[in-house]
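Engineer:
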Amino acid sequence: MSRPDGTERDVPVGRPFQPPDATDLARPARRNGHHPDPPAVPGRPLDQWDRRVAQGLAFLRRRLSGDYEIDEFGFDPDLTEAVFHPLLRVLYRDWFRTEVTGLEHVPVDGAGLVVGNHSGTVALDALILSAALHDQHPERRFLRLLGADLVFRMPVVSEVARKSGGTVACNPDAERLLRNGELVGVFPEGFKGIGKLYSDRYKLQRFGRGGFVSAALRTGTPIVPVAIVGAEETYPMLADLKPLARLLKLPYFPVTPTFPWLGPLGLVPLPSKWMIQFCPPIPTAHLTDSADDPLVVFNLADQVRETIQQTLHQLLERRPDPFGP
Numbered sequence: 001m002s003r004p005d006g007t008e009r010d011v012p013v014g015r016p017f018q019p020p021d022a023t024d025l026a027r028p029a030r031r032n033g034h035h036p037d038p039p040a041v042p043g044r045p046l047d048q049w050d051r052r053v054a055q056g057l058a059f060l061r062r063r064l065s066g067d068y069e070i071d072e073f074g075f076d077p078d079l080t081e082a083v084f085h086p087l088l089r090v091l092y093r094d095w096f097r098t099e100v101t102g103l104e105h106v107p108v109d110g111a112g113l114v115v116g117n118h119s120g121t122v123a124l125d126a127l128i129l130s131a132a133l134h135d136q137h138p139e140r141r142f143l144r145l146l147g148a149d150l151v152f153r154m155p156v157v158s159e160v161a162r163k164s165g166g167t168v169a170c171n172p173d174a175e176r177l178l179r180n181g182e183l184v185g186v187f188p189e190g191f192k193g194i195g196k197l198y199s200d201r202y203k204l205q206r207f208g209r210g211g212f213v214s215a216a217l218r219t220g221t222p223i224v225p226v227a228i229v230g231a232e233e234t235y236p237m238l239a240d241l242k243p244l245a246r247l248l249k250l251p252y253f254p255v256t257p258t259f260p261w262l263g264p265l266g267l268v269p270l271p272s273k274w275m276i277q278f279c280p281p282i283p284t285a286h287l288t289d290s291a292d293d294p295l296v297v298f299n300l301a302d303q304v305r306e307t308i309q310q311t312l313h314q315l316l317e318r319r320p321d322p323f324g325p
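Residues in the sequence shown are numbered from 1 upward in steps of one, following full-length UniProt numbering.
1) Does at least one heavy atom of the ligand ADP sit under 7 Å from the Cβ of residue 235?
2) Can you give the Cα-Cα distance for residue 115 and residue 241, rounded to whole angstroms?
3) Who are the near neighbours of residue 290 in its chain, counting only those whose CB is closer than 8 Å to its CB and skipping five residues on each side?
4) Name, in chain order, the residues that DSSP records as bridge partners for residue 227.
5) Rounded to a whole number of angstroms, what is the C-alpha to C-alpha distance between residue 52 and residue 124?
6) Cα-Cα, which of 180, 67, 252, 134 is closest to residue 219?
7) From this set, 278, 317, 303, 310, which residue's C-alpha is nearest residue 137's C-alpha?
8) How is the alpha helix (DSSP H) around residue 127 delimited, first residue to last?
9) For residue 126, which residues of its own chain have a beta-carbon under 7 Å away from its beta-carbon, when the five flanking residues on both sides are left out?
10) If I'm right that residue 190 touches residue 208 with Cβ under 8 Å, what's the distance once you round it to whole angstroms?
11) Using three-state DSSP, classify residue 325 as helix, strand or coil.
12) Check each candidate in 314, 283, 315 and name the one with the smallest Cα separation from residue 300.
13) What residue from 224, 305, 178 has the CA that sits closest to residue 133's CA?
14) Since residue 256 sits in a beta bridge, which residues does DSSP pair it with?
Here it is as structure tokens:
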């Protein structure tokens, strides 16, 4: 290639250099399902609004052209990254001022079972965990959440859950995801955790029969305990109207300082300070032959539960003010 003065300029072997055009800006390269920021046009760096407009146009182009993928579970990583995570980012970063530590314990690649405590009346902790992990993990990994049957029986909520990577909390689905090398998130307390009263905050409920442990053992997947502090204060549950819950076929009907007294405004979460800490993984590859041994399953589930409980106590000591900076 010649310079303006007639001398020759070396060009690296491979694809010839081409300046980015509108098509290039609208089709960013993918990495683990992640669409990075569009490249800057030479001579004019993209400012924040340019970048947002370019990303929005790129997203619309992909949706209109069908240039996106959905897996066998209904997971749509493009929609999750472009729509769901930006909304959650405002919550976890600005509203809850979330601090995340211990990400070095989350596998860089391959399968991993992330097990956390569940609380807060509304299951915001699962959503915040998935968004924060994806944003701050060096490989931008998606967390495939396991949810209760009720979630997948609710219109709209079911569709959003599927498209954001969720699936029913059952061993067959969990094992399929783990065998595919996915990062799977589970909350063994279930409705017992998110539906407990504020007076029982940060006291872990029973972990059920340890189905999550069996799934990890059968696939030889490491278990990564994670402790979440802050969700308990978002919707402090003062009472549970059980007759109304039975009438509406709900696991509980909460009464909080703002709900139902303020109507829709009562759904706005209180701006509590959140802290998320991932604990060292617990290996299971040496126990694959014990997946059906109740004693092994119970002991491992109890080890995970104790790890999370102790970590919660440590985080609470570091966060003396629930609504501090």
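The C-beta atom is built at its ideal place from N, Cα and C for all residues, glycine as well.
Structural biologist: The structure says:
1) Within the structure as shown, the ligand ADP is missing, as the structure has no ligands at all.
2) For the purposes of this step, residue 115 is taken as residue 115 along the sequence shown, with counting starting at 1. For the purposes of this step, residue 241 is taken as residue 241 along the sequence shown, with counting starting at 1. Whole-angstrom Cα-Cα distance: 29 Å.
3) Position 290 of the sequence shown, counting from 1, holds the residue named residue 290. The residues are 217, 296, 297.
4) Residue mapping note: residue 227 aligns to position 227 of the sequence shown, counting from 1. Answer is 277, bridged to residue 227.
5) The sequence position of residue 52 within the sequence shown is 52, counting from 1. The sequence position of residue 124 within the sequence shown is 124, counting from 1. Approximately 26 Å, taken between the alpha carbons.
6) For the purposes of this step, residue 219 is taken as the residue at position 219 of the sequence shown. Per the Cα distances, 180.
7) Locating residue 137 in the sequence shown gives position 137, where the first residue counts as 1. The residue with the shortest Cα to Cα distance from residue 137 is 278.
8) Taking the first residue of the sequence shown as 1, we reach residue 127 at position 127. Looking at the DSSP string, the run of the alpha helix (DSSP H) that includes residue 127 is 124–136.
9) For this step, residue 126 is matched to residue 126 along the sequence shown. These residues qualify, in order along the chain: 145, 185, 187.
10) Counting from one through the sequence shown, the residue named residue 190 turns up at place 190. Counting from one through the sequence shown, the residue named residue 208 turns up at place 208. About 7 Å separates the two Cβ atoms, so the contact holds.
11) Within the sequence shown, the letter at position 325 stands for residue 325. Coil, per DSSP.
12) As a first step, residue 300 must be located in the sequence shown, where it is residue number 300. It is 283.
13) On the sequence shown, residue 133 is found 133 positions in, with the first residue counted as 1. Ranking 224, 305, 178 by Cα distance to residue 133 puts 224 first.
14) Here residue 256 corresponds to residue number 256 of the sequence shown, with the count starting at 1. Looking at the DSSP assignment, residue 256 forms no beta bridge with any residue, so it has no partner.
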